[in-house]
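Engineer:
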Amino acid sequence: MDYLTIRNNQVVPLSDIPLISYDFFKETNLRLMEESEARHCVNYFGYRESGQIRLICCIADDTDHSIFITSAITPADAVLDSFTRPNANFERFEREIHENFGVEYRDHPWLKPLRYSYDRFDSSQKMENYPFVKVESDELHEVGVGPIHAGIIEPGHFRFICNGEQIMHLEIQLGYQHRGIERLFLQKSRVEERTILAENIAGDTVVGHTTAFANLWESLIGAETTNSLNFSRTIALELERIAIHTGDLAAICGDIAYQLGNSVYGRLRTPIVNFFQEWGGNRLAKGLVRVGRMNYPFTSELGDRLLDIFNAYEPDFNEITRKLWRLPSALSRMERTGELTTGEAREIGVVGMAARASGLERDVRKSHPGNLYHEISHQPVVKHHGDVYSRAQIRKEEIKQSISYIKELLQDIPDNNDVNTEGMIIQPNVFVISLVEGWRGEICHCAVTGKKGDLLLYKIKDPSFHNWMALAQAVRNNEISDFPVCNKSFNLSYCGHDL
Amino acid sequence: MFDNLKIMWHQGKQYIPDVRTAKVPGIFRGRPVITAVKVDEERLAGLCPAGAITTSPLCIDLGKCTFCGECALHFKTKISFTADYRLASNSRERLVVREGEERVISVDPLLVRKEVRRLFANSLKLRQISAGGDNSCEWELNASNNVQFDMSRFGIEFVASPRHADGIVITGPITRNMATALEKCYNAVPDPKVIILVGTDAISGGIFANTPAVDRSFLDRHKPDLYIAGNPAHPLTIINGMLDLVKCKR
Chain H
94 MDYLTIRNNQ VVPLSDIPLI SYDFFKETNL RLMEESEARH CVNYFGYRES GQIRLICCIA
154 DDTDHSIFIT SAITPADAVL DSFTRPNANF ERFEREIHEN FGVEYRDHPW LKPLRYSYDR
214 FDSSQKMENY PFVKVESDEL HEVGVGPIHA GIIEPGHFRF ICNGEQIMHL EIQLGYQHRG
274 IERLFLQKSR VEERTILAEN IAGDTVVGHT TAFANLWESL IGAETTNSLN FSRTIALELE
334 RIAIHTGDLA AICGDIAYQL GNSVYGRLRT PIVNFFQEWG GNRLAKGLVR VGRMNYPFTS
394 ELGDRLLDIF NAYEPDFNEI TRKLWRLPSA LSRMERTGEL TTGEAREIGV VGMAARASGL
454 ERDVRKSHPG NLYHEISHQP VVKHHGDVYS RAQIRKEEIK QSISYIKELL QDIPDNNDVN
514 TEGMIIQPNV FVISLVEGWR GEICHCAVTG KKGDLLLYKI KDPSFHNWMA LAQAVRNNEI
574 SDFPVCNKSF NLSYCGHDL
Chain Y
45 MFDNLKIMWH QGKQYIPDVR TAKVPGIFRG RPVITAVKVD EERLAGLCPA GAITTSPLCI
105 DLGKCTFCGE CALHFKTKIS FTADYRLASN SRERLVVREG EERVISVDPL LVRKEVRRLF
165 ANSLKLRQIS AGGDNSCEWE LNASNNVQFD MSRFGIEFVA SPRHADGIVI TGPITRNMAT
225 ALEKCYNAVP DPKVIILVGT DAISGGIFAN TPAVDRSFLD RHKPDLYIAG NPAHPLTIIN
285 GMLDLVKCKR
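These protein sequences, in sequence, are chains H and Y. Each residue of the first sequence is one higher than the one before, counting from 94 in the working numbering. Each residue of the second sequence is one higher than the one before, counting from 45 in the working numbering.
(1) Can you round the beta-carbon distance between Y593 (chain H) and G373 (chain H) to whole angstroms, since I take them to be within the 8 Å contact cut?
(2) Is the segment 251 to 263 of chain H close to the segment 563 to 579 of chain H, with three or more CB pairs under 8 Å?
(3) By Cβ distance below 6 Å, which residues in the same chain neighbour A305 (chain H) in space, the five residues on each side in sequence not counted?
(4) How do the segment 150 to 169 of chain Y and the segment 247 to 266 of chain Y stand: do at least 3 beta-carbon pairs fall below 8 Å, yes or no?
(5) Who does I536 (chain H) pair with in a DSSP beta bridge?
(6) Residues of the segment 256 to 285 of chain Y with a CB closer than 8 Å to any CB of chain H: list them in chain order, please.
(7) If I follow the unbroken beta strand (DSSP E) through M261 (chain H), where does it start and stop?
(8) Check the Cβ of L154 (chain Y) against every Cβ in chain H and list those closer than 8 Å, keeping chain order.
(9) Using a Cβ-Cβ cutoff of 7 Å, what residues of the segment 225 to 255 of chain H are near chain Y? List them in chain order.
(10) Which same chain residues end up closer than 7 Å to F194 (chain H) when comparing Cβ atoms and leaving out the 5 residues on each side of it in sequence?
(11) For I413 (chain H), which residues in chain Y fall below 7 Å Cβ to Cβ?
(12) Which word fits K554 (chain H), buried or exposed, when buried means at least 16 other C-beta atoms lie within 10 angstroms of its C-beta?
(13) Since I believe K476 (chain H) is in contact with R449 (chain H) (beta carbons under 8 Å), could you give me their beta-carbon distance rounded to a whole number of angstroms?
(14) Mind checking the segment 258 to 278 of chain H against chain Y and listing, in chain order, the residues whose C-beta falls within less than 9 Å of any C-beta there?
(15) So, is the C-beta of G177 (chain Y) closer than 8 Å to a C-beta in chain H?
(16) For M45 (chain Y) and chain H, any beta-carbon pair shorter than 8 Å?
(17) Using 8 Å as the limit for Cβ to Cβ distance, is A295 (chain H) near chain B?
(18) Give the DSSP bridge partners of K169 (chain Y), in chain order.
(19) Are I60 (chain Y) and S188 (chain Y) close, meaning C-beta to C-beta below 8 Å?
(20) Which value, in whole angstroms, describes the spacing of the CA atoms of F176 (chain H) and S108 (chain H)?
(21) Counting only the same chain and skipping the five closest in sequence on each side, list residues whose C-beta sits under 7 Å from that of N367 (chain H).
(22) Report the neighbours of K416 (chain H) on chain Y: residues whose CB is nearer than 7 Å to its CB, in chain order.
(23) Given that a residue counts as buried once 16 or more other Cβ atoms are within 10 Å of its Cβ, and exposed if not, what is E184 (chain H)?
(24) Could you tell me the alpha carbon to alpha carbon distance between F403 (chain H) and L395 (chain H), rounded to whole angstroms?
(25) With a threshold of 7 Å on Cβ separation, who are the neighbours of P601 (chain H) within its own chain once the five nearest residues in sequence on each side are excluded?
(26) Looking at the secondary structure, which residues open and close the beta strand (DSSP E) in which Y115 (chain H) lies?
(27) Which class does Y482 (chain H) belong to by DSSP, given the choice of helix, strand or coil?
(28) Just to check my reading of the structure: L207 (chain H) and Y115 (chain H) have Cβ atoms closer than 8 Å, yes? What is that Cβ distance to the nearest angstrom?
(29) Along chain H, in chain order, which residues have C-beta atoms closer than 8 Å to that of R73 (chain Y)?
(30) Tell me the residue span of the beta strand (DSSP E) that contains P106 (chain H).
(31) From what residue to what residue does the beta strand (DSSP E) around K281 (chain H) run?
(32) Looking at the unbroken alpha helix (DSSP H) that takes in Q370 (chain H), where does it start and where does it end?
(33) Go ahead and pull the three-state DSSP assignment for Y466 (chain H).
(34) For R252 (chain H) and V578 (chain H), what's the separation of their Cα atoms in angstroms?
(35) Might you give, ordered along the chain, the residues of its own chain that have their beta carbon closer than 8 Å to the beta carbon of D269 (chain Y), omitting 5 neighbours on each side?
(36) Using the Cα positions of I254 (chain H) and V236 (chain H), report the straight-line distance between them to the nearest angstrom.
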């Protein structure tokens, strides 16, 4: 067998992952990708193993719950054939392997620094010398934006090449947010510390990342996740989706100068995030999701309170939404703006709501359900134009869908039931992958353990990792003044990418 | 037009009339109170994932605390988090809560520079810089200006350029990769200017304090005027902190 097929949150002994030659490794993964259009690379990474680099590649099928794992070992000074040349899904993953370990790719089309991690292989690569594409022309000009932006957002540098007002090319330089979080996962040895790290991967996806971590960790120590834990996590994930999607609709309205929409959606987010505070003491749900337990159990009083909040939210949401969707001046700013075709989305390996807005039915809640999602029988919302309008529509419909899921779940609130994780230890020499559909898209955490049950690797992938390239593609041929609304319609994470 | 009026009518008044006395809903983890009850202090301090608790006497440094509440859950008789959202001070020491001592966290008027009071009392324009922030404090800073919290009614606003600003607001532990940009941005702000740190990560580095990915030397060269604690800081914490700074009377 040249690959191993596993499920989400399944722990497998490292020795079960077939170790094959690099050439065969490449051939196998490219073949797996070619066999079905409904596959994409969820994670591909390396780590040091006795002086060499061990590579592990994970390809997920969007239809049948399977994840294909392959592995190879290569010397750090190897010069390899890239996966990226034939398949752009692997572009960023190979850049990361190159940046971290110095592995060369002879035919990688875009082998540029990724995030300038502090422990990068070549420390002579400097933030200020990023090799941007240059176009020599009297008719074109460059626009540089960032790292510090006009609004209150995270840092990143955008370099546009424009013909008049029209964007020909956008290149995005990231890395400003790099905090070395994956390394900290190995250095901080207590589960409480690692939970705090997971909460701080991306502060707008606290529930998503912490759930991915907690699901993974419970698998790793062999604890059975209880029904009440799954219940709370599922509710929290859907609430986070409602909150951020609502805020995003506000921001999209803001970027097209529709002030009323901006104010109304903006204020509608507040009761949802305040509910997180009523439940767990923090508006962004920090402190809520914990390995093996719920510090703040979900009670039937909270359930009633949440229903009241929805009853107040829905009429206001429907009213402003009806207005926005009938406003020609708003629609004209969203339609055909920032288009990402289905073909481009598939080629890049886009995930999450951006993929669904471009016609790909890619949703971990359906394809690799964890927690209570297999009971919900989730049907992803899919749109086909791939423009700002489609991405706004996805949000509108997913908010309604999430509310109906939560209402369904609230009919049967399980009694709180924690797991006693006392004395449970990390299984040695294993690999585990944990996938969660956060509001932005597919979150993937992977762990590899050593022979003493120590953590050898903790690998985090935020959906933004795939989707930044999609943004750069989508803005081509748009007016530069439409960049903010394009950017907001993707709403990608900087810290989730830079880690 | 009638649609718009109808929407506005249905929305009613959203703003919080008095941000000084407003109550936060639910079980907000604000300023902790530590009783004099005897407990196993070492075990208690060992629980803290952020190293914010020190012993004899037992203290919690809110500049390091991630407000996870783990200590209060395990030692209910010793520590409890109140709903008091006033967690800002210009004195780093005042962010340390001590055993048996119940004191509201406040700005020390003696430490507020004269020009800050004189120039910024009714108008403070700020440039925000995220330097490794996880987008949670950034989120709450944005929320401080939404229609509910409406910080701009006090003349406190965020501006797009450092040249238009009276100071900077830093979030995040200050990554090495942002250190140069931060320094440049600060230098672009005309004098006199203030530095405000928002959130645990900015105040102490938080859980990222000791990684080589972080470079906090900016704070060795420049002294902050205000520390606003929280993970992330609540909009009411932010607004009250800023008002305490600019409106303080000697």
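Using N, Cα and C, we set each Cβ at its ideal position, and we do this for glycine too.
Structural biologist: If we stick to the structure as given:
(1) Missing from the structure shown is residue 593 (chain H); chain H here goes from 94 to 592 and no further.
(2) yes
(3) S527, V529, I536, H538
(4) no
(5) H:V529
(6) P256, A257, V258, N275, P276, H278
(7) 259 to 266
(8) Correct list: empty, because the minimum Cβ distance to chain H is about 31 Å.
(9) P240, I241, A243, I245, I246, E247, P248
(10) G139, I146, A169, F214
(11) I51
(12) buried
(13) 7 Å
(14) G268, Y269, Q270, H271, R272, G273, I274, R276, L277
(15) yes
(16) no
(17) The structure shown contains no chain B; its protein chains are H and Y.
(18) Y:E201
(19) no
(20) 24 Å
(21) R376
(22) D47, I51
(23) buried
(24) 12 Å
(25) Here chain H comprises residues numbered 94 to 592, so residue 601 (chain H) is not present and cannot be evaluated.
(26) Segment 115 to 128 is the alpha helix (DSSP H) holding Y115 (chain H); no beta strand (DSSP E) there.
(27) helix
(28) That pair is no contact at about 21 Å.
(29) G374, N375, G380
(30) 104 to 106
(31) Where K281 (chain H) is concerned, there is no enclosing beta strand (DSSP E), given that its DSSP letter is neither H nor E.
(32) 352 to 373
(33) helix
(34) 17 Å
(35) N134, V156, R157, V160, G211, V238, I239, I240, L289
(36) 6 Å
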